[in-house]
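Chains as they are written, first to last, in the numbering used here: chain A, 1449 to 1731; chain B, 13 to 268. Even for Gly, the Cβ is constructed at its ideal location relative to N, Cα and C. This report refers to the structure that appears directly beneath it.
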């Protein structure tokens, strides 16, 4: 462990990232540019999240990584191992024990508490990007609070599908000011962004942006008066633990149409199973 | 009577070249002003300076705002100017593609300005969009189609609907009939004339088509090399042109 500085990045880089994080916390929802570093993993694998995690980790932290809710997928395992080896921090899969949680595309089911930090991996931080390709123009739109275009997207959803069909990366407005992309979390998780006790940090490595939500921030999902926002999930209980309040993955289990629904948050599901809850598909 | 728009000494240079020089005029509510001239005479530069797309090197563009009365739009802050750009002003581009979002349905295109000024009721937005498509003679069944499936004339009419939906008081038009065939031009002009009269719009129309100004404009300015060489009532200028260039322009029109 003498080959690397603590948590891989050198201290000057971490200082630079911390300054971006502090600025992001001071202006909730505002995308702060930062000098993203080349990381030993490809873009799209969480280089932004890893840099933010590296900047906030201390030797006494307990680290958890989830990928689509799961602790045991490739992305989660490799990033967890990466910090085990370069920072020597303790790791866990239990949401409540972790002090820093890096996540890709989910917010844990278990409510987070004060003192925890949730780090999101963000592929495209600009919510207006697919409507307005010019960065100069989107920055101007943010600075002048011109967000009419965001509703044009929702309008187009309704004419095409009869309802707002955007089901992930659902745009939110932070503290009545900045429109923010909450990273590709399902819209089921959107209500959890609001008034969360933990600090939420968003890192986009390729796009070189960091943004943040301080604890207990007001976050509102955009909608129409006659088509209100609705957090949606598959209308089933979990096949393993029977939970009816968690976000579910659909698994195809054979080639004759068999399928099962299980919690995407593996830790939540395992804790419930250990407590004796059983779903209809549990072995 | 306060002029709706009072332009004073607008000058725009591109390096050593003159875009337009020392242009001044007043536009009163309900009035339509035509600006004609050959290519490169500074018509579009002038229009873009007035509409806030370009910053002139000198001069004032004083607009009679609803809330604060006459204000110089060049020195007002950018948020205020952009707010004007989507409420009291409208800009019709020569090419409909420049003024439309081609990837968004016709209804979405018309609704964008409504949503930009805070409209948040889907049903209302859609009703207004459908109503406006009717007013520019686009069938209501096309409300969910993208403008890419529209003909050139329909795209231009859609662009006009999109601009007029928020009830602007001043419309800037840059060659609104350019690139359309003559029968479509005639219909579009007819439509524009009706809308301008019904809504009591003021408009500034830049064109090199004298038929357009003859039909629509109350007053006319003739530009050459960035300067206004003749101005007056449309019929007066077209029937009795005084300046050599105006005479050339009028006599260049083919009589069929």
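Would the beta-carbon of residue i fall within 9 Å of that of residue j?
| i | j | result |
| --- | --- | --- |
| residue 38 of chain B | residue 68 of chain B | no |
| residue 1627 of chain A | residue 1666 of chain A | no |
| residue 1435 of chain A | residue 1662 of chain A | What the structure shows of chain A is the stretch from 1449 to 1731, and residue 1435 of chain A is not part of that stretch, so it cannot be assessed. |
| residue 1659 of chain A | residue 1635 of chain A | no |
| residue 217 of chain B | residue 46 of chain B | yes |
| residue 231 of chain B | residue 223 of chain B | no |
| residue 1651 of chain A | residue 1569 of chain A | yes |
| residue 183 of chain B | residue 128 of chain B | no |
| residue 213 of chain B | residue 169 of chain B | no |
| residue 108 of chain B | residue 167 of chain B | yes |
| residue 1566 of chain A | residue 1487 of chain A | no |
| residue 135 of chain B | residue 1674 of chain A | yes |
| residue 1693 of chain A | residue 1517 of chain A | no |
| residue 1699 of chain A | residue 1684 of chain A | no |
| residue 1548 of chain A | residue 1484 of chain A | no |
| residue 54 of chain B | residue 261 of chain B | no |
| residue 1600 of chain A | residue 120 of chain B | yes |
| residue 1468 of chain A | residue 1509 of chain A | no |
| residue 41 of chain B | residue 181 of chain B | yes |
| residue 57 of chain B | residue 31 of chain B | yes |
| residue 1454 of chain A | residue 1490 of chain A | no |
Please report the residue range of the alpha helix (DSSP H) in which residue i lies.
| i | result |
| --- | --- |
| residue 95 of chain B | 90–98 |
| residue 134 of chain B | 134–147 |
| residue 86 of chain B | That residue, residue 86 of chain B, is in no alpha helix (DSSP H); it is neither H nor E in DSSP. |
| residue 1550 of chain A | Element bounds for residue 1550 of chain A: not the alpha helix (DSSP H) but the beta strand (DSSP E), 1548–1552. |
| residue 1497 of chain A | 1495–1504 |
| residue 172 of chain B | 164–176 |
| residue 1531 of chain A | 1522–1535 |
| residue 122 of chain B | 118–128 |
| residue 265 of chain B | Segment: none, residue 265 of chain B is in no alpha helix (DSSP H) and carries neither H nor E. |
| residue 1730 of chain A | Note, residue 1730 of chain A: premise wrong, no alpha helix (DSSP H); not H, not E. |
| residue 211 of chain B | 194–211 |
| residue 60 of chain B | 55–62 |
| residue 246 of chain B | 246–251 |
Using 9 Å as the limit for Cβ to Cβ distance, is residue i near chain A?
| i | result |
| --- | --- |
| residue 137 of chain B | yes |
| residue 117 of chain B | yes |
| residue 173 of chain B | no |
| residue 111 of chain B | no |
| residue 127 of chain B | yes |
| residue 155 of chain B | yes |
| residue 123 of chain B | yes |
| residue 180 of chain B | no |
| residue 90 of chain B | yes |
| residue 132 of chain B | yes |
| residue 120 of chain B | yes |
| residue 231 of chain B | no |
| residue 83 of chain B | no |
| residue 199 of chain B | no |
| residue 94 of chain B | yes |
| residue 98 of chain B | yes |
For residue i, which residues does DSSP report across the bridge?
| i | result |
| --- | --- |
| residue 18 of chain B | B/38 and B/74 |
| residue 1628 of chain A | A/1620 |
| residue 1690 of chain A | DSSP lists no partner for residue 1690 of chain A. |
| residue 240 of chain B | B/235 |
| residue 1578 of chain A | Residue 1578 of chain A is not bridged to any residue. |
| residue 186 of chain B | B/218 |
| residue 1708 of chain A | A/1699 |
| residue 24 of chain B | B/32 |
| residue 68 of chain B | Per DSSP, none; premise fails for residue 68 of chain B. |
Compare the C-beta of residue i with all C-beta atoms of chain B and state if any pair is closer than 9 Å.
| i | result |
| --- | --- |
| residue 1609 of chain A | no |
| residue 1579 of chain A | yes |
| residue 1603 of chain A | yes |
| residue 1677 of chain A | no |
| residue 1606 of chain A | yes |
| residue 1673 of chain A | yes |
What residue range does the beta strand (DSSP E) around residue i cover?
| i | result |
| --- | --- |
| residue 1511 of chain A | 1510–1515 |
| residue 1698 of chain A | 1696–1700 |
| residue 1470 of chain A | It is not in any beta strand (DSSP E) - residue 1470 of chain A instead sits in the alpha helix (DSSP H) that spans 1459–1474. |
| residue 1487 of chain A | Looking at the DSSP string, residue 1487 of chain A is not in any beta strand (DSSP E), and its letter there is neither H nor E. |
| residue 1568 of chain A | 1565–1569 |
| residue 48 of chain B | 44–49 |
| residue 102 of chain B | 101–104 |
**OP:** Taking only runs that begin and end inside the region 1592–1679 of chain A, name each unbroken alpha helix (DSSP H) of 4 or more residues, in chain order.
**Re:** 1596–1609 and 1638–1641
Subject >> Within 9 Å of chain E by C-beta, residues of the region 1590–1601 of chain A in sequence order >> reply: In the displayed structure, chain E is absent; the protein chains listed are A and B.
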